[in-house]
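Colleague: One point on numbering: in our numbering, the residue at position 88 of the sequence shown is 88, and numbering is uninterrupted.
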Amino acid sequence: MIKQVPKLDPLQKQTLSNTLNKQKYSILDRLAKECLTHGKCIHCESERLRKYGKSNDRQRFYCNDCSKTFVCTRGSAYFYQHKSDDWQKYLEFMLNRDSIRLCAKKIGISVVTSFNWRHRYLNATENTYETHLDGIVEADETYFRESKKGERKLGRPARKRGTKANTRGLNKTDWVAVLTALDRNHHEYDHVLKQVTSTEINNCLGDKISDESILCTDGQPAYNQICAEHHLHHIVLKNSRCKDGIFHIQNINNYHSQLKQWVLKMHGVASKYLPKYLGWFRMLAWHKYQSFTDDKINKSEKLFEFKLLQIQQHNF
Ligand SMILES: [Zn+2]
Numbered sequence: 001m002i003k004q005v006p007k008l009d010p011l012q013k014q015t016l017s018n019t020l021n022k023q024k025y026s027i028l029d030r031l032a033k034e035c036l037t038h039g040k041c042i043h044c045e046s047e048r049l050r051k052y053g054k055s056n057d058r059q060r061f062y063c064n065d066c067s068k069t070f071v072c073t074r075g076s077a078y079f080y081q082h083k084s085d086d087w088q089k090y091l092e093f094m095l096n097r098d099s100i101r102l103c104a105k106k107i108g109i110s111v112v113t114s115f116n117w118r119h120r121y122l123n124a125t126e127n128t129y130e131t132h133l134d135g136i137v138e139a140d141e142t143y144f145r146e147s148k149k150g151e152r153k154l155g156r157p158a159r160k161r162g163t164k165a166n167t168r169g170l171n172k173t174d175w176v177a178v179l180t181a182l183d184r185n186h187h188e189y190d191h192v193l194k195q196v197t198s199t200e201i202n203n204c205l206g207d208k209i210s211d212e213s214i215l216c217t218d219g220q221p222a223y224n225q226i227c228a229e230h231h232l233h234h235i236v237l238k239n240s241r242c243k244d245g246i247f248h249i250q251n252i253n254n255y256h257s258q259l260k261q262w263v264l265k266m267h268g269v270a271s272k273y274l275p276k277y278l279g280w281f282r283m284l285a286w287h288k289y290q291s292f293t294d295d296k297i298n299k300s301e302k303l304f305e306f307k308l309l310q311i312q313q314h315n316f
């Protein structure tokens, strides 16, 4: 096999290299490595850990301070998950934007298991928004029709799923508003708003945007308070116009339209899960941006770098 390598063309060599790298970093290997380099004892937070054999293929660690042990999956989205090869495949399928049902079919698990796995990943991404936006920041709200998908008692006649939110209904309870802010370094923040008011926008965004940044919006009056309080330079842009060649809200408009298409492709998302799906979409968008800047890194590698595995989720 090694003798054959020089005969391969550059693309084949790249594919071979990607495949070998992928093999090297299975999820369990990656978690064990993560624990050893950055890990803290889950009992006492000590960093003095050492390897302590394996349990069911998972690396076990021993804490030199409190003398307790734990496995590498403890505290991650993978705790209590048994089929480690399948999780990795599941993640790839999710990145391909496959539905819960399709993922279940491809892996050979039940729809309920597929739902649970999906929500483990979603839980891990929910709170991964940026907390620091800077420079030129675009902000806007977008609306999703309230969805009670999956709920048994609707309290209203059923609607055809995934109806597009072209017009805003008069009844506010039918719509869920999502506030999104994006700076030019692709730092993205979003939040489901209870109401579109000055106070709520200020509470959400006030501590995320650096003072004296430039805020570009469509002129919604609810942004005036945050601009005054945080000394933001407010640029109002109507009808997708561009001012001085750099001030516009086109990035955020693109982000919203891609988000809407994605939600439509999922046949709608239940409103109660919307924050989780916003997190997942944020990660997809971030990944897409990263793959433009560094094409060598394959999808799942990049996701791990997004610290998916480091997000500690103790309360499953
Ligand atoms: Zn300890």
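Just so it is clear, CB atoms sit at the ideal spot from N, CA and C, and this is done for glycine as well. Since this is a predicted model, take the numbers as computed values, not measurements.
With a threshold of 7 Å (Cβ to nearest heavy atom), would Cys-41 be considered close to ligand 1?
Modeller: As a position in the sequence shown, residue 41 is number 41, starting the count at 1. Yes; taking the cut-off as 7 Å, the Cβ of Cys-41 has a heavy atom of ligand 1 nearer than that.
Colleague: Quick check: what's the CA-CA separation for Val-269 versus Thr-180?
Modeller: As a first step, residue 269 must be located in the sequence shown, where it is residue number 269. As a first step, residue 180 must be located in the sequence shown, where it is residue number 180. Val-269 and Thr-180: Cα-Cα distance of roughly 18 Å.
Colleague: Per DSSP, His-234 forms a beta bridge with which residues?
Modeller: By 1-based counting over the sequence shown, the position of residue 234 is 234. BP columns for His-234 point to Leu-215.
Colleague: Starting from the Cα of Lys-51, find the closest Cα among Trp-280, Tyr-62, Cys-41, Asp-98 and give me that residue.
Modeller: The residue you call residue 51 lines up with position 51 of the sequence shown. For Lys-51, the nearest C-alpha among the options comes from Tyr-62.
Colleague: Counting along the chain, where does the alpha helix (DSSP H) carrying Arg-101 start and finish?
Modeller: On the sequence shown, position 101 is the one that residue 101 refers to. Per DSSP, Arg-101 belongs to the alpha helix (DSSP H) from 100-107.
Colleague: Taking the beta strand (DSSP E) that His-191 falls in, what are its first and last residues?
Modeller: Walking along the sequence shown from the start, residue 191 turns up at place 191. Where His-191 is concerned, the enclosing beta strand (DSSP E) stretches over 188-193.
Colleague: According to the neighbour-count rule (16 or more other Cβ atoms, all chains shown, within 10 Å of its Cβ), is Lys-194 buried or exposed?
Modeller: For this step, residue 194 is matched to residue 194 along the sequence shown. Flag for Lys-194 reads exposed.
Colleague: Nearest by alpha-carbon distance to Asp-174: which of Tyr-143, His-230, Ser-210 is it?
Modeller: Your numbering for residue 174 matches position 174 in the sequence shown. The candidate whose alpha carbon is nearest that of Asp-174 is Tyr-143.
Colleague: Could you have a look at Lys-89 and say whether DSSP puts it in helix, strand or coil?
Modeller: Numbered from 1 along the sequence shown, position 89 holds the residue referred to as residue 89. DSSP places Lys-89 in helix when its eight states are reduced to three.
Colleague: How would you label Leu-244, buried or exposed, when you count the other beta carbons within 10 angstroms and need 16 or more for buried?
Modeller: Within the sequence shown, the letter at position 244 stands for residue 244. Per the sequence presented here, residue 244 reads as Asp, with Leu not at that position. Its Cβ having fewer than 16 others within 10 Å, Asp-244 is exposed.
Colleague: Leaving out five residues on either side along the sequence, give the residues of the same chain with a beta carbon under 7 Å from the beta carbon of Ile-107.
Modeller: Here residue 107 refers to the residue found at position 107 of the sequence shown. Excluding positions up to five away in sequence, the list reads Asp-86, Lys-89, Tyr-90.
Colleague: Judging by CA-CA distance, which residue of Lys-148, His-230, Thr-199, Thr-217 is the nearest neighbour of Leu-182?
Modeller: Here the question's residue 182 lines up with position 182 in the sequence shown. Considering only alpha carbons, the answer is Thr-217.
Colleague: Would you check if the distance between the CB atom of Val-196 and the CB atom of Val-176 is smaller than 8 Å?
Modeller: Position 196 of the sequence shown, counting from 1, holds the residue named residue 196. Position 176 of the sequence shown, counting from 1, holds the residue named residue 176. In this structure, Val-176 does not lie closer than 8 Å to Val-196 by Cβ.
Colleague: Please determine whether the Cβ atom of Lys-51 lies at a distance below 7 Å from any heavy atom of ligand 1.
Modeller: Taking the first residue of the sequence shown as 1, we reach residue 51 at position 51. Incorrect: Lys-51 has no Cβ contact closer than 7 Å to ligand 1.
Colleague: In this structure, how does DSSP classify Asp-29 when only helix, strand and coil are distinguished?
Modeller: Looking up residue 29 in the sequence shown gives position 29. It is helical.
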